[in-house]
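Taking it in order: structure first as structure tokens, then the write-up.
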Amino acid sequence: MSKHSVIAGAAALVLAFVASAHAEMAKVGDLVIEQAWARATTPSAKTGATYLSVRNTGPESDSILSMETPVASHAMAHQTRQENDVSRMSEAGPLSVPPGGALEMKPGGTHIMLMDLGGGLRLGQQFPLTITFEKAGKVEIPVKVGKPGAMGPE
Amino acid sequence: MAEGADWRLLDETGSAFTPDHLRTKPTLVVFGFTHCPDVCPTSLSYVAGTLQALGPQAEAVRPLFVTVDPERDTTDVMAEYTDLFDPRIIGVTGAPDQISAALKSLGAYSRKVPQDDGGYTMDHTATMLLLDDQGRPRSTLDIHEKPEVAAGKIRLLLEKS
Ligand SMILES: [Cu+2]
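Protein chains in written order, with this note's numbering: chain V, -4 to 149; chain B, 235 to 395.
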């Protein structure tokens, strides 16, 4: 085997490993939930933010009815808006996923607000989040905790 | 900062922090609160990135995180929270009327918004202010720019002062 193909082989292996480490996804009905991540907080923090995306491969729209996680008393959809220079955070209405479309959460937009955290969120920690969809039903997805100021899944 | 500003806050170690402190060196001010998990961590990690981009020059600027939620943000909470991003960032809190006075003199806005669950959140100015060594606003930082751009703005201010 040439030196190049060894390197290529090693690179492919690394890629495969990275892909599997990131392949935290869950499926329920026609929905695919992926890239669920959260930001690390201080140990005494009461609130935290979680982000994920939901793809709808089916012909009908669906929406999130509720969310639950053992790390916090409440998990609810929030929306951050910036109006002029003022940042405002409020409860988001029911989050829906259009047929063939996706629901994407990211910092500064839609997020899942965790309230009354039990003991903060640690970098590297993983916790389960259970989402109940109106049509597809319940699904549990593992959420990975990244850096306190992370802007996406790591 | 308006002329004649008069307020007395506490830094994260519990020491007094007054308008006089803003007249010693340039200050980078971020307004927010520790129960804000979405916008504030983004701003503070941007400040951390800016300090990193400044290298040794970071010592010439004071990174300040002023809470708009003094009820929940004690000095200890502020210390723990700012250290999560960069230990050089100084958290500042104080009595609610003193915080209001400081926000007003810095041209910042905040409003308490009750939530259905009985808790509350805060609307607040998201702009990051760059003050000169007399506490006068000279420039703002934009989160959408690279931290290197912010570092450039700070260097420009340091050359002038
Ligand atoms: Cu929120």
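The beta-carbon is built from N, C-alpha and C at its ideal position, and this holds for glycine as well.
Query                                                                                                                                                                                      : Result
Taking 7 angstroms as the cut-off, is the C-beta of V:Met108 nearer than that to any heavy atom in ligand 1?                                                                               : yes
Should B:Asp245 be flagged as near chain V, meaning a C-beta pair shorter than 8 angstroms?                                                                                                : no
Kindly say whether V:Thr42, judged by its beta-carbon, lies nearer than 8 angstroms to any beta-carbon of chain D.                                                                         : This model lacks chain D altogether; the protein chains it does include are V and B.
As a quick exercise: from B:Met312, B:Arg242 and B:Lys259, pick the residue whose alpha carbon is nearest that of B:Leu364.                                                                : B:Lys259
Using a Cβ-Cβ cutoff of 8 angstroms, what residues of the region 70 to 84 of chain V are near chain B? List them in chain order.                                                           : His73, Thr75, Gln77, Asp80, Val81, Ser82, Arg83 and Met84
Check whether the region 87 to 95 of chain V touches the region 237 to 247 of chain B, taking contact to mean three or more Cβ pairs, one atom from each stretch, closer than 8 angstroms. : no
Opposite V:Phe122 in the DSSP bridges: which residues?                                                                                                                                     : V:Val138
Quick check: B:Arg306 and B:His269, are their CB atoms within less than 8 angstroms of each other?                                                                                         : yes
Please state if the CB of V:Ala35 and the CB of V:Leu118 are separated by a distance shorter than 8 angstroms.                                                                             : yes
Please confirm if V:Met108 has its CB atom under 8 angstroms from at least one CB of chain B.                                                                                              : yes
Determine, using beta-carbon pairs with one atom in the region 48 to 58 of chain V and one in the region 328 to 343 of chain B, whether at least three such pairs fall under 8 angstroms.  : no
Distance, Cα to Cα, B:Ser279 vs B:His378?                                                                                                                                                  : 13 angstroms
Rank B:Leu391, B:Lys394, B:Glu382 and B:Ser395 by C-alpha distance to the C-alpha of B:Gly285 and give the top, closest one.                                                               : The sequence given here has Leu at residue 285 of chain B, not Gly. For the residues B:Leu391, B:Lys394, B:Glu382 and B:Ser395, the minimum Cα distance to B:Leu285 belongs to B:Glu382.
Against chain B, which members of the region 23 to 34 of chain V pass a CB distance test of less than 7 angstroms?                                                                         : Arg34
Pull up the CB-CB distance for B:Phe265 and B:Thr359, whole angstroms please, since I reckon it's below 8 angstroms.                                                                       : 5 angstroms
Which residues bound the alpha helix (DSSP H) around B:Thr309?                                                                                                                             : Thr309 to Asp317
Consider the C-beta atom of V:Met146 and the heavy atoms of ligand 1; say whether any pair is separated by less than 7 angstroms.                                                          : no
By a C-beta neighbour count over all protein chains shown, 10 Å radius and 16 as the cutoff for buried, is B:Val347 buried or exposed?                                                     : exposed
Would you tell me roughly how many angstroms separate the C-alpha atoms of V:Ala16 and B:Thr308, rounded to the nearest one?                                                               : Note that V:Ala16 has pLDDT 46, beneath the 50 cutoff, so the model's placement of it is unreliable and no number is given.
What's the call for V:Gly96, buried or exposed, on a 16-neighbour Cβ count within 10 Å?                                                                                                    : exposed
Hey, would you say B:Asp320 sits closer than 8 angstroms to B:Val281, going by beta carbons?                                                                                               : yes
Roughly how far, in whole angstroms, is the beta-carbon of V:His106 from the beta-carbon of V:Glu86, given that I think they are within contact range, below 8 angstroms?                  : Not a contact, Cβ separation roughly 11 angstroms.
Output yes if chain B places a C-beta closer than 8 angstroms to the C-beta of V:Ser39; else output no.                                                                                    : yes
Which complete beta strand (DSSP E) runs does the region 240 to 273 of chain B hold, if anything under 3 residues is left out?                                                             : 243 to 245 and 261 to 266
Output the distance between the C-alpha atoms of V:Glu135 and V:Gln30, rounded to the nearest integer angstrom.                                                                            : 13 angstroms
With a threshold of 7 angstroms (Cβ to nearest heavy atom), would V:Ala31 be considered close to ligand 1?                                                                                 : no
Tell me the DSSP bridge mates of B:Tyr354?                                                                                                                                                 : B:Pro348
Use the C-beta contact count for B:Ala336: other C-beta atoms within 10 angstroms, 16 or more gives buried, fewer gives exposed.                                                           : buried
Is the distance from the Cβ of V:Met146 to the Cβ of B:Thr276 below 8 angstroms?                                                                                                           : yes
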